[in-house]
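Right, one structure below, let's go through it.
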Amino acid sequence: MTSDVIIVGAGIIGAACARALASAGVGVTVIDRGTTAGGTSSACEGNLLVSDKGPGHELVLAQYAASLWRSTVTDLREQLGDGFPSVEFDPKGGVVVATTTAGAGSLLEFVAGQRLAGVDARVIDAYEARGLEPDLTARIEAAVYYPEDAQVQPTIATEALMASARLYGARLLENTPVLGLLLDSAGSLIGVTTPAGELLGRRVLVAAGPWSGEVAGLLGVRLPVRPRRGELLVTTRMRQRIFHKVYDADYVGAVGSDDGALQTSSVVESTGSGTVLIGSSRQLVGFDARLRVEVLSEIAAKAIRLFPFLADASVMRSYGGFRPFMPDHLPVISEDPRMPGLWYATGHEGAGIGLSLATAELILDLMLGRPTRIDAAPYSVARASLAPYLEAVA
Amino acid sequence: MSIADVLVIGAGPAGLAAARAARERGASVTLLDSSDQLGGQFWRHLPDARPSSDERVLHHGWDTYRGLSDALESENGCRIIRSAHVWAIEASATGPGTVHVIVGESDGVGRERLAFAPGAMILATGAHDRILPFPGWDLPGVFSGGAAQALAKGERLGVGRRVIVAGAGPFLLPVAASLSGVGSTVLGVFEANRAPALLRGWLPRPWQLLPAAGKAVELAGYVAGHIRNRIPYRLGRMVVAAHGTDRVEAVTLAAVTANWTPIDGTQRTVEVDAVCVSHGFTPRLELAIAAGCALTADRFVRVDEGQQTSVPGVYAVGEITGIGGADLAMAEGVIAGHIAAGGLVTDNTLRRAVRQRRIFRGFARRIDAAHAIRPGWQGVLTADTIVCRCEEVTFGTLCATAESTRSRSLRALKLSTRAGLGICQGRVCGRSIEEVLATRVGNGGLRDGVTTDRRPIAALIRLGELATDHHGLGVTPGPHNPDRPPDPMKGTK
Amino acid sequence: MTARLLPFLDDPIKPAPPTLVTITVDGTPARGVAGQSLAGVILASGTLGFRRTSVLGRPRGVFCGIGVCYDCLVEVNGQRDVRACQRRAVDGDVITVQHDRLPSGDVA
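Chains as they are written, first to last, in our numbering: chain A, 23 to 416; chain B, 16 to 508; chain C, 130 to 237.
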């Protein structure tokens with residue numbers, strides 16, 4: 023059996039692409055070395071944000087994605103029925119707070135740029151901020167409210183997209199790692215090899231998150247995706263005292279930085295089950311998932327700075343994941359000109375959950391040769407900013 | 016950071032024996048326990064502030080306990096830290112890593128943070144009851160066997176007047192004895208396994224049991240107590256439901272097959288005001304896993320002849336290497352303590368302990384063979400039966416989610432049902448959730464190799480406590496400010 | 130009353146005479162013996178269920194008794210998330226029931 027597209031990776035990107043392609047009649051087989059949502063998609067917060075993105079191509083993609091989420095959630099519920107767990111889509115909005123004067127200056131400058139790019143970013147005063155978040159610290163130098171920010175339960179969202187894809191006819195092969203590329207005598211891509219045998223496919227789409235670099239290597243090309251570790255803390259259940267996604271303005275600096283050393287920045291929100299989710303950290307430590315107390319300690323300290331009452335909250339769990347980090351901070355969503363038939367949908371760093379739906383539509387339009395809703399060139403693997411990091415195919 | 020030669024985590028029989036043996040070999044020993052008393056669960060007793068002249072009648076090996084604890088408390092070189100909760104271990108491939116401890120009353124605020132980087136570490140974290148879910152098990156008045164014991168031995172409190180003890184395993188007998196001893200009327204003890212299973216486990220090669228003669232005496236004591244108190248002991252019976260509005264008022268018992276499937280028509284209902292249930296024990300593996308120790312196929316810590324785990328310098332003793340009771344735990348403890356302090360397993364001083372270990376390991380295997388959990392237990396579950404108590408996830412939800420998502424990933428199913436994600440972090444429900452989901456997904460079971468035993472955060476820690484070690488960002492602790500001198504008038508802390 | 134303390138004069142292990150402690154549970158006084166856990170004092174005062182769950186509003190009390198199930202959570206002198214079975218009762222302790230509602234609103 024020859025698929026039209028073999029997707030390597032059953033995380034949210036792979037699932038979203040599978041659904042988009044399958045619903046358009048494209049024959050899809052998704053393979054994953056583990057299970058659906060086995061990697062980063064189940065180790066994150068489920069952010070659907072525009073607030074943390076300055077003017078640029080990532081913001082454009084995020085705005086495109088934001089326009090798709092609400093209708094997708096409705097479509098999924100209709101298609102999957104009430105028996106399927108809820109993806110817990112919550113358009114809660116975001117509040118960004120600067121607790122220092124220097125931070126306030128940077129934040130307001132950042133916001134000005136965002137507003138010009140069409141983001142609904144509303145500068146509010148301390149009184150209004152405390153009105154939105156009564157338990158917020160009194161040390162508010164500047165605050166911004168982003169009504170467009172939302173959250174989703176990322177594991178369930180991934181499962182829902184995959185279930186939908188399968189209903190549209192996509193095939194899923196779990197516990198099936200890719201071993202290499204299958205080429206015909208002319209050297210053209212015709213599929214992949216796995217321990218279960220050869221899978222024939224006209225196109226191969228790599229959507230393996232932080233492992234995409236590894237997968238690309240098995241397929242003979244270099245893709246400079248690296249894992250960027252992030253840790254989160256989960257508190258015990260309490261009555262709701264936090265109503266939006268609230269974060270410290272220094273979050274923005276941490277996201278855009280290239281520093282491999284530990285960077286922490288406070289992000290705090292309540293969940294539907296009553297717990298409080300607290301992040302976040304960024305570190306380049308390969309795939310080392312071991313617990314680091316120093317990281318958790320910093321995350322805790324910064325969270326208390328935003329919400330002093332959290333000092334008495336109990337931490338019951340910590341978890342972490344690996345963001346797929348690209349050196350120029352943009353995902354790769356394109357065919358690889360070095361190897362026709364090989365495609366990528368990966369490198370979304372900390373924004374993959376939100377960007378998944380727009381990524382899927384871009385992939386669909388590009389594969390079908392249709393005009394894309396936004397200019398896809400900035401996400402191409404052939405973009406200039408990525409050139410220094412790529413090598414020719416061996 | 017404190018440097019200790021040998022750090023022992025857990026002051027039950029295994030940990031006490033290990034600390035003593037290490038100390039005897041001249042090591043500098045630090046012994047931690049989360050309780051404010053030594054003895055673990057096995058030697059749970061009245062607080063030291065309330066001495067009893069005849070406490071020994073309640074305990075097996077009380078003199079042994081007193082010998083160990085007196086020796087450790089009186090000598091220099093063994094630092095004992097009570098109310099010490101190990102909340103994280105930063106693993107190292109080459110040694111024990113860093114052990115993070117919070118010291119102070121359980122679930123306190125503003126407690127003291129300590130960190131250890133020991134040369135050798137002995138994990139003796141013990142086990143807790145495994146209780147299988149059944150309809151009504153979440154009603155107040157349904158207790159674990161361990162709760163009945165802890166309250167009886169630790170406070171002289173009987174949990175009920177008319178009590179049924181049920182489940183599987185020899186632990187049911189001491190539970191019934193403790194209950195009788197504090198004035199509860201035990202209406203009966205009901206073991207789910209039937210006579211053939213028990214006989215198959217206990218009878219073959221009886222000469223192997225002879226060296227464990229002490230166990231026979233212990234068993235005889237419980238049996239005598241049963242006869243004296245006229246407590247029926249019935250095999251092949253299970254509690255299949257507990258009934259009541261806001262508390263347990265009655266239970267339904269049924270006969271079960273060898274597979275633990277309830278037999279229709281054998282149900283009978285008994286009025287009770289408390290039920291004590293225990294279906295065996297779950298080892299407390301989280302610290303061993305955090306330290307990087309490999310597990311065996313049946314999910315205990317893998318150790319060699321010297322009780323060393325897969326991590327150099329880390330040893331494991333007691334229930335976490337296999338459920339086997341206090342005598343086995345102490346034998347393993349002696350071996351580990353001696354070797355962690357530089358000795359060899361071939362040393363003469365260890366000969367007795369090595370022999371004891373062999374004898375009592377054999378004993379433990381028989382218990383497992385005779386009293387193991389059989390899969391038919393899932394047959395009592397109804398759609399409304401709560402399986403994850405903390406998050407109130409029902410059997411119906413587990414089945415429906417497994418079916419609708421077609422997921423074969425335990426991790427994903429936990430995240431989409433919330434089962435195992437509550438405050439107990441899967442300690443009570445974890446293995447039951449795994450078994451229920453494995454049965455539902457069928458065809459080879461769950462595929463992601465994840466278990467519910469892994470808990471990187473091993474004990475609750477307040478955010479303010481977690482933040483205190485951070486340079487430059489001091490945090491004001493909560494109501495119990497550690498900077499304030501302790502109030503001498505405050506009670507037993 | 131279901132749960133009951135064995136009177137010390139009847140106790141074959143001959144414990145030292147008890148010191149009494151009094152705590153309040155949601156405003157109601159409860160008497161216990163120094164050294165007892167809060168769980169023991171509450172049980173002996175006749176209360177089996179002293180918490181309501183967040184999703185279904187069902188009563189819970191003591192279950193495992195050794196600190197692993199977290200069913201017995203109470204608020205002690207303002208501290209939340211305290212396991213009653215792991216904390217010894219101190220004279221004057223103010224205990225309030227801990228009931229955490231879900232963000233979505235009312236529990237049954």
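Even for Gly, the Cβ is constructed at its ideal location relative to N, Cα and C.
Note that the structure is a prediction, hence the values are computed from the model and not measured.
Query, Result
"Spatial neighbours of residue 61 (chain A) in its chain, beta-carbon cut-off 6 Å, leaving aside the 5 residues before and after", "33, 231"
"Inter-residue spacing [alpha-carbon to alpha-carbon] between residue 240 (chain A) and residue 202 (chain A)", "5 Å"
"Residues that residue 107 (chain A) contacts on chain B, provided the C-beta gap is smaller than 8 Å", "416, 419, 420, 431, 432"
"Distance cut-off 8 Å: residue 357 (chain B) Cβ against heavy atoms of the ligand ADP", "The ligand ADP is not part of this structure, which contains no ligands at all."
"DSSP three-state assignment for residue 77 (chain B), whether helix, strand or coil", "helix"
"Residue 471 (chain B): contacting residues in chain A (beta-carbon distance under 7 Å)", "313, 340"
"For residue 428 (chain B) and residue 146 (chain B), the rounded distance between their alpha carbons", "21 Å"
"Rounded distance between the beta-carbons of residue 151 (chain B) and residue 294 (chain B), thought under 8 Å", "About 16 Å; that fails the 8 Å criterion."
"Terminal residues of the alpha helix (DSSP H) in which residue 414 (chain B) lies", "410–420"
"Residue-chain proximity (residue 232 (chain C), chain A), Cβ-Cβ < 9 Å", "yes"
"Whole-number beta carbon distance between residue 346 (chain A) and residue 79 (chain A), since they are thought to touch under 8 Å", "Going by Cβ atoms, the distance from residue 79 (chain A) to residue 346 (chain A) rounds to 16 Å, so no, they are not a contact pair."
"Buried versus exposed call for residue 218 (chain C) [16 or more other C-beta atoms within 10 Å across all chains shown]", "buried"
"Where the beta strand (DSSP E) through residue 368 (chain A) begins and ends", "364–368"
"Cβ of residue 172 (chain B) within 9 Å of any chain C Cβ", "yes"
"Inter-stretch contact at 8 Å, needing at least 3 Cβ pairs: the segment 121–130 of chain B / the segment 198–214 of chain C", "yes"
"Residue-level contact to chain B via CB, residue 235 (chain C), 9 Å cutoff", "Legend: pLDDT at residue 235 (chain C) = 39, less than 50; position of this residue unreliable, value from coordinates given subsequently. Chain B, which has no Cβ nearer than 9 Å to the Cβ of residue 235 (chain C), makes this no."
"Cutoff 6 Å; reference residue 465 (chain B); Cβ partners in own chain excluding five residues on either side", "425, 426"
"Nearest to residue 344 (chain B) (by Cα), restricted to the options B:324, B:368, B:328", "B:368"
"Residue 76 (chain B) and residue 169 (chain C) closer than 9 Å at C-beta", "no"
"7 Å CB neighbourhood of residue 109 (chain B) in its chain, flanking five on each side removed", "327"
"DSSP state of residue 288 (chain A) mapped onto helix, strand, coil", "strand"
"Per-residue contacts from residue 183 (chain C) into chain A (C-beta, under 7 Å)", "259, 296"
"DSSP state of residue 241 (chain B) mapped onto helix, strand, coil", "helix"
"Any chain C beta carbon closer than 9 Å to residue 49 (chain B)", "yes"
"Neighbourhood of residue 165 (chain C) by C-beta, 6 Å cutoff - its chain only, sequence neighbours within 5 removed", "218"
"Cα-Cα separation between residue 384 (chain A) and residue 370 (chain A), rounded to whole angstroms", "14 Å"
"Counted within 10 angstroms of its Cβ, other Cβ atoms place residue 353 (chain A) as buried (16 or more) or exposed", "buried"
"Closest by C-alpha distance to residue 246 (chain A), when choosing among A:408, A:68, A:66", "A:408"
"Cα-Cα separation, residue 412 (chain B) to residue 358 (chain A)", "44 Å"
"At least 3 beta-carbon pairs within less than 8 Å: the segment 151–165 of chain A vs the segment 115–122 of chain A", "yes"
"Straight-line gap, residue 64 (chain A) to residue 462 (chain B) (C-alpha atoms, nearest Å)", "16 Å"
"Test: residue 436 (chain B) CB closer than 9 Å to a CB of chain C", "no"
"Residue-chain proximity (residue 147 (chain C), chain B), Cβ-Cβ < 9 Å", "yes"
"Coarse secondary structure for residue 304 (chain A), derived from DSSP in three states", "strand"
"Minimum Cβ-Cβ distance from residue 128 (chain B) to chain C less than 9 Å", "no"
"Short CB-CB distance (under 9 Å) between residue 155 (chain C) and chain A", "no"
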